[in-house]
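In order, the protein sequence lines correspond to chains X and A.
Residue numbers for the first sequence follow numbering that gives the first Met the number 0, beginning at 0 and rising by one.
Residue numbers for the second sequence follow numbering that gives the first Met the number 0, beginning at 0 and rising by one.
C-beta: ideal position from N, C-alpha, C; glycine also.
Everything numeric in this text was worked out from a predicted model, so none of it was measured.
Below is one structure, written out as structure tokens; comments come after it.
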Amino acid sequence: MSKKINIEELKRDKPVYKVPDGYFEGLTSKIQERIKEEEEVAPERVWVPRLAWATPILVIAISIIYLMNVGGNQPESVEDMLTSISNEELIEYLDMTDVPTDEILASVDGAFLEEAFSNANGETDILNDINEEDLDGILDSYDLNEEFL
Amino acid sequence: MEEEFIISKIKNPETKNYGFNLIVQEYQERIYWHIRKMVIDHDDADDLVQEVFVKVWKNLDKFREDSKLFTWIYRIATNECLNFLQRKKKKFFLPINDVGQELAGKLDQSVLMDGDAIELKLQKALLKLPDKQRLVFNMKYYDDMKFDEISQVTDTSVGALKASYHHAVKKIEEFLTTD
Numbered sequence: 000m001s002k003k004i005n006i007e008e009l010k011r012d013k014p015v016y017k018v019p020d021g022y023f024e025g026l027t028s029k030i031q032e033r034i035k036e037e038e039e040v041a042p043e044r045v046w047v048p049r050l051a052w053a054t055p056i057l058v059i060a061i062s063i064i065y066l067m068n069v070g071g072n073q074p075e076s077v078e079d080m081l082t083s084i085s086n087e088e089l090i091e092y093l094d095m096t097d098v099p100t101d102e103i104l105a106s107v108d109g110a111f112l113e114e115a116f117s118n119a120n121g122e123t124d125i126l127n128d129i130n131e132e133d134l135d136g137i138l139d140s141y142d143l144n145e146e147f148l
Numbered sequence: 000m001e002e003e004f005i006i007s008k009i010k011n012p013e014t015k016n017y018g019f020n021l022i023v024q025e026y027q028e029r030i031y032w033h034i035r036k037m038v039i040d041h042d043d044a045d046d047l048v049q050e051v052f053v054k055v056w057k058n059l060d061k062f063r064e065d066s067k068l069f070t071w072i073y074r075i076a077t078n079e080c081l082n083f084l085q086r087k088k089k090k091f092f093l094p095i096n097d098v099g100q101e102l103a104g105k106l107d108q109s110v111l112m113d114g115d116a117i118e119l120k121l122q123k124a125l126l127k128l129p130d131k132q133r134l135v136f137n138m139k140y141y142d143d144m145k146f147d148e149i150s151q152v153t154d155t156s157v158g159a160l161k162a163s164y165h166h167a168v169k170k171i172e173e174f175l176t177t178d
């Protein structure tokens, strides 16, 4: 059986490892040289993060300007588009469609109609120009329920 | 040299450079040996000791005197060692044993020829310990540091350090006796 070893008995005051001759005499100046080198490099390092940020900032700025310009050219609202169409074109379009007259009238507000006819004829009541005979003829051409009569 | 004297120099902007030179002269050798025992290779230790003092210089204004100056520097050196060994393992995708074998290989060239065979065996046994346990063992066994000083350096409780050291000693003695 091997004899038990007590590591406290192995303690030595001398260094265990080999070191190049005169190493510690030159170490202080090596450290000072290294710090000097690091400080000379440091100003360049300051620019690295700045450049790293510059690209995304530039991209974001260009994107914002682009979006703002595109935003200015966005399609007009439906109302704006309709105002650019003449009444004649609108009536012609509605004639060609199968949309029932009552649906068209229901979607247009009364004040608008009154104004439109007033502008067209100079009068608010369009029936003023129609005599009773013509009116009967018009009513006959439509298949109206009794509740409207 | 008294720590208070060095601290008074580094706290004064006019004498900061002088104070730092005093730190280097006072502690460079002890820090070198602390690192060398962990990384074994002289060139690695040489590079790391310089890196440690660069960090000390850069962070000198952050030294708050809530610990001893030497403990603070020791802590920086300890972190550098552990990070270095960690990087070494990751860099070469080596399992712990292989790094241990690599360091053991360097031991044969590094240990002084006048060191007897048992000394070389002790160093090889140390390499079988986990890095942190080896670190604790070195600070207690070679540097004669008190457990509360080691506690400040490693940020570990005194109780845990005592247990760690006790286990390390048992493992090493077992290795030396049986192997």
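The C-alpha of Lys87 (chain A) lies about 28 Å from the C-alpha of Asp143 (chain A). A Cβ-Cβ contact shorter than 8 Å links Phe174 (chain A) with Lys127 (chain A).
With a cutoff of 8 Å on beta-carbon distance, Leu59 (chain A) and Ile6 (chain A) are scored as not near each other.
Asp43 (chain A) is classed as buried because its beta carbon has at least 16 other beta carbons within 10 Å across all chains shown.
When the Cα atoms are used, Glu32 (chain X) and Leu26 (chain X) turn out to be separated by approximately 10 Å. Within chain X, the residues Tyr16 have their CB atoms less than 7 Å from the CB of Arg35 (chain A), given in chain order. When Cβ-Cβ separations below 8 Å define contact, Lys35 (chain X) makes no contact with chain A. With three or more CB-CB distances shorter than 8 Å, the region 48–57 of chain A counts as touching the region 10–29 of chain A. Straight across, the Cα-Cα distance linking Leu125 (chain A) with Phe136 (chain A) is about 9 Å. Rounded to whole angstroms, Tyr17 (chain A) and Trp56 (chain A) show a C-alpha spacing of 12 Å. Ranked by Cα distance from Arg133 (chain A), the options A:Ala162, A:Asp147, A:Ile117 are led by A:Ala162.
Chain order gives no chain X residues near Glu101 (chain A), where near means a beta carbon separation below 7 Å; the closest approach is about 16 Å. From the beta-carbon of Val38 (chain A), no residue of chain X is found nearer than 9 Å; the closest lies around 11 Å away. Excluding five sequence positions before and after Gln151 (chain A), the CB atoms of its chain that fall closer than 6 Å to its own CB belong to Ser66, Thr70, given in chain order. With a 10 Å radius around the Cβ and a threshold of 16 neighbouring Cβ atoms, Glu13 (chain A) comes out exposed.
With a beta-carbon spacing of about 13 Å, Ile39 (chain A) and Leu121 (chain A) fall beyond the 8 Å limit used to define contacts.
The beta carbons of Thr176 (chain A) and Ile30 (chain X) sit no closer together than 8 Å. Inclusion of Ile34 (chain A) and Ala103 (chain A) in the CB contact set at 8 Å is not warranted, their separation being larger than that value. Here Val18 (chain X) is not near Glu118 (chain A), since their CB atoms are 8 Å or more apart. Neighbours of Leu175 (chain A) in chain X, taken as residues whose beta carbon is under 7 Å from its own, are Ile4 in chain order. Residues of chain X whose Cβ lies closer than 9 Å to the Cβ of Ile75 (chain A) do not exist; the shortest such Cβ separation is about 13 Å. The three-state secondary structure of Phe19 (chain A), taken from DSSP, is helix. Secondary structure of Gly21 (chain X) (DSSP, three-state): coil.
Under the Cβ criterion of 8 Å, Trp71 (chain A) is not counted among the residues facing chain X. Listed in chain order, the non-local C-beta contacts of Ser85 (chain X) below 6 Å within the same chain number zero, local neighbours out to five positions each way being set aside. Rounded to the nearest angstrom, the gap between the Cα atoms of Leu47 (chain A) and Glu79 (chain A) is 7 Å. Between Leu21 (chain A) and Ile72 (chain A), the alpha-carbon positions lie close to 13 Å from each other. Between Phe19 (chain A) and Lys8 (chain A), the alpha-carbon positions lie close to 8 Å from each other. Contact note: Thr27 (chain X) reaches chain A through Asn20, Val23, Gln24, Gln27, using a C-beta cutoff of 8 Å and chain order.
Among the residues of chain A, those whose CB is under 8 Å from the CB of Leu9 (chain X) are Ile117, Glu118, Leu121, following chain order. If you draw a straight line from the Cα of Lys61 (chain A) to the Cα of Lys139 (chain A), it is about 27 Å long.
Here DSSP, grouped into helix, strand and coil, assigns Lys67 (chain A) to coil. Between Lys36 (chain A) and Tyr164 (chain A), the CB-CB gap reaches or exceeds 8 Å.
At least one beta carbon of chain X lies nearer than 8 Å to the beta carbon of Ile171 (chain A).
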